[in-house]
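Each residue of the sequence shown is one higher than the one before, counting from 3 in our numbering. C-beta atoms are modelled at their ideal positions from N, C-alpha and C, and glycine is treated no differently. Data first, discussion second: the structure below is written as structure tokens.
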Amino acid sequence: MAALIDLDLSSNKLEGPIPKTFGNMVALVDLDLSHNKLEGRMYSLQTLHFQNNNFFRELPKSLMNYSSLKLLDVGANRLSRRVPTWTGPKPTTFGCSSVAIKLVHW
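Right under this line is the structure:
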């Protein structure tokens, strides 16, 4: 699986922490984990779909360090705290449907 570039695991009823084995997929640039119940850290990707998961209150601060991320979609989570300021280059696209716009500090 080290050569895998694009992986869509959306709507698979996945729960719990994101498996550390994703870190071994060094070629992975597009990962869709939408509509699951995942939580935890992710690895360096260009496209990340986290819609409708179990992010409660705030996004993992570790997301702010991923400099290769170009698209991040966190819509339909239960975010109630402000999205932290990015420490590196910001993704060019940020999806936040069902997230109060006052929480987004872009």
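Distance between residue j and residue i (C-alpha atoms, nearest Å)
i, j, result
"R83", "A4", "36 Å"
"D75", "G97", "4 Å"
"L73", "Q48", "6 Å"
Identified DSSP bridge partners for residue i
i, result
"H51", "D34 and D75"
Per-residue DSSP class, three states only, for residue i
i, result
"F57", "coil"
"T23", "helix"
"L40", "strand"
"L9", "strand"
"L65", "helix"
"R83", "coil"
"T95", "strand"
Sub-9 Å separation of residue i and residue j beta-carbons
i, j, result
"N55", "L71", "no"
"F58", "N79", "yes"
"L16", "F24", "no"
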